[in-house]
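Only one structure is covered here, and it is reproduced in the block below.
Number of protein chains: 2
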Amino acid sequence: MIFIVQICQPESGEASVNKKKQQTELTKKKIADAARALFAQKGYKATAIEDIVKAVGCSAGNIYYHFKNKEGLFLYLLEEWNREWDSNWLVKEKLYLTTTDKLYGMVEYLALDQLSHPLTRAADEFFNNAEKAPDVEERINVMVKGYIDFNRELLQKGIDNQEFEISNVSGHAIILDSLLLGLSQHCRRMERVEALATYRLAVDVFLQGIAKPIR
Amino acid sequence: MIFIVQICQPESGEASVNKKKQQTELTKKKIADAARALFAQKGYKATAIEDIVKAVGCSAGNIYYHFKNKEGLFLYLLEEWNREWDSNWLVKEKLYLTTTDKLYGMVEYLALDQLSHPLTRAADEFFNNAEKAPDVEERINVMVKGYIDFNRELLQKGIDNQEFEISNVSGHAIILDSLLLGLSQHCRRMERVEALATYRLAVDVFLQGIAKPIR
DNA sequence: TATAATACTGAATGAATGTTCAGTATTATA
DNA sequence: TATAATACTGAACATTCATTCAGTATTATA
Chain A
0 MIFIVQICQP ESGEASVNKK KQQTELTKKK IADAARALFA QKGYKATAIE
50 DIVKAVGCSA GNIYYHFKNK EGLFLYLLEE WNREWDSNWL VKEKLYLTTT
100 DKLYGMVEYL ALDQLSHPLT RAADEFFNNA EKAPDVEERI NVMVKGYIDF
150 NRELLQKGID NQEFEISNVS GHAIILDSLL LGLSQHCRRM ERVEALATYR
200 LAVDVFLQGI AKPIR
Chain B
0 MIFIVQICQP ESGEASVNKK KQQTELTKKK IADAARALFA QKGYKATAIE
50 DIVKAVGCSA GNIYYHFKNK EGLFLYLLEE WNREWDSNWL VKEKLYLTTT
100 DKLYGMVEYL ALDQLSHPLT RAADEFFNNA EKAPDVEERI NVMVKGYIDF
150 NRELLQKGID NQEFEISNVS GHAIILDSLL LGLSQHCRRM ERVEALATYR
200 LAVDVFLQGI AKPIR
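Chains as they are written, first to last, in numbering that gives the first Met the number 0: chain A, 0 to 214; chain B, 0 to 214.
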């Protein structure tokens, strides 16, 4: 029996010191890319490992060799996505002077990113699914905490800047996240323009809701 | 072979003109009650028809005789729940004079109802699931529209009362629903007291966010 | 009383699908 | 070159579960 592995050869001129590491990275990336597209298109549950297998052109076992299981693969994608989002935001953030502007900038980015990345839909499906192993629950908790912390820091900057005045920063961080979370679900049924407008209106309300009492 | 059907006999003194209708109502109620409890406890997908069968003590076929399918059963529960919520709210609403107070009253009711009725969790799981038949999608759309309409009417009353001042009522209705939707997911991880406080804070923000500019 | 309509039964169906594992190929190491 | 470690294969496994349907019992109708 003949096995054809290693479809993509690494640069032949270079010494093959870490051919395996390269191959692993490449395969993981191929699996991740195909899986991301499929999860985004069909949702979490509706995407079978078999679908990914077909798209990648590798075996089912190979996926399990590189990722712990289906949940692990999805979690990997989410965490990778968050890392990218953070790093992109770090660049974008500098474009805005006030925290107020940052908030508008953030939701604009969020609105457009979320519409182009229907992965959020799969993520919501995944998050709201009842049956989850404890370690999965934990990784989700870490992610949620990350979102809240992000909001808290943003709000704190605004307070330090004296742009708005709130005592319960943590509470407001949760409220902001709730707003964005709910918005992401509603805006799924909208066109880009309408979604963007709704996000902006939400920030209008939120900002006036935490504005300093007297101007 | 012996079949034991009709475990609960109707009142024997009465004429059995509509014995069948009574039996049907009774059975539907028994199935609905068991299913509601199970969906709330285990979630939508994790609740198997077999579970409901065991809880009710009837056959699987009987469930399909009274409800179109699993989705139909769940949808029935949701719609029934909404009807009850509406009718309860109609009574509660009268306790509050201003729309502002109504809003606080509503979220209080919402917060407590949602915590005692973990059916919301199953509902979120169901709503966010990708694979849905067109007719199911339609019934969900109707429900969502109902929530938005409810908010719009509430806000409109506040405007008529001159409690707040907004031009884009529909937009704000969506934002209010988004807020409550996101809140319901976050508050699931909280104790009653904390959840209630968060809901109240959210209303604080929302109300100030739509308050008239000059006081 | 005979016939039709309704209210059930529950075993069988059938399809989907995450995961494993014994075995094979390739690359690194000594 | 021999041995170990790594990177795969893919068929088989194991389980879950919604749904159907031929048949039975009960009640309504004529």
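Heads up, the beta-carbon is just placed ideally off N, CA and C, and yes, glycines get one too.
Pair within 8 Å by beta-carbon distance, residue i and residue j
i        : j        : result
B:VAL55  : B:ALA33  : yes
A:ILE174 : B:LEU200 : yes
A:TYR205 : B:GLY60  : This sequence places Phe at residue 205 of chain A; Tyr is not what is there. Going by C-beta atoms, A:PHE205 is not nearer than 8 Å to B:GLY60.
B:ALA210 : B:PHE149 : no
B:ARG125 : B:TYR43  : Looking at the sequence shown, residue 125 of chain B is not Arg but Phe. It is a contact, given that the beta carbons lie within the stated cut-off.
A:LEU76  : A:ILE62  : no
Residue i burial status per 10 Å Cβ neighbour count (16 or more: buried)
i        : result
A:THR97  : exposed
B:ALA194 : buried
A:VAL4   : In this prediction, A:VAL4 scores a pLDDT of 36, lower than 50, which makes its location untrustworthy; no coordinate-derived value is stated.
B:THR119 : buried
A:LEU94  : exposed
B:TYR64  : exposed
B:LYS29  : buried
A:GLY145 : exposed
A:LYS67  : exposed
A:ALA47  : exposed
A:LYS20  : exposed
A:LYS18  : exposed
B:SER183 : buried
Straight-line Cα distance separating residue j from residue i
i        : j        : result
B:ARG138 : B:LEU74  : 8 Å
B:ILE158 : B:ALA36  : 40 Å
B:ASN140 : A:ASN160 : 43 Å
B:SER86  : B:VAL202 : 23 Å
A:SER169 : A:ASP134 : 25 Å
B:GLU107 : B:ASP100 : 11 Å
A:CYS186 : B:ALA121 : 21 Å
B:GLU70  : A:GLU136 : 26 Å
B:ASP50  : A:GLU49  : 29 Å
A:SER11  : A:GLU83  : Only weak support exists for where A:SER11 lies, its pLDDT of 39 falling under 50; the value from the coordinates is given anyway. A:SER11 and A:GLU83: Cα-Cα distance of roughly 31 Å.
B:ASP123 : A:ASP123 : 9 Å
B:VAL143 : A:THR23  : 46 Å
B:ALA172 : B:SER166 : 11 Å
A:LYS147 : A:GLU78  : Strictly speaking, residue 147 of chain A in this sequence is Ile, with Lys absent from that position. Straight-line Cα distance between these residues: approximately 15 Å.
A:TRP216 : A:HIS116 : No information on residue 216 of chain A is available, as it lies outside the stretch 0 to 214 that chain A covers here.
B:VAL52  : B:ALA31  : 11 Å
B:TYR103 : A:LYS27  : 50 Å
A:ALA196 : B:ALA196 : 29 Å
B:MET105 : B:LYS41  : 27 Å
A:SER58  : B:ALA45  : 29 Å
For residue i: DSSP bridge partner residues
i        : result
B:PHE163 : B:ALA210
Q. For the 8 Å Cβ check, are there 3 or more pairs between the segment 116-131 of chain A and the segment 189-203 of chain A?
A. no
Q: Report yes or no: do the segment 139-157 of chain B and the segment 112-119 of chain B share at least 3 C-beta pairs separated by less than 8 Å?
A: Fewer than three beta-carbon pairs drawn from the segment 139-157 of chain B and the segment 112-119 of chain B are found closer than 8 Å, and the two stretches are therefore not classed as touching.
Q: Determine contact between the segment 79-90 of chain A and the segment 171-183 of chain A, defined as no fewer than three beta-carbon pairs at a distance below 8 Å.
A: Segments in contact, no.
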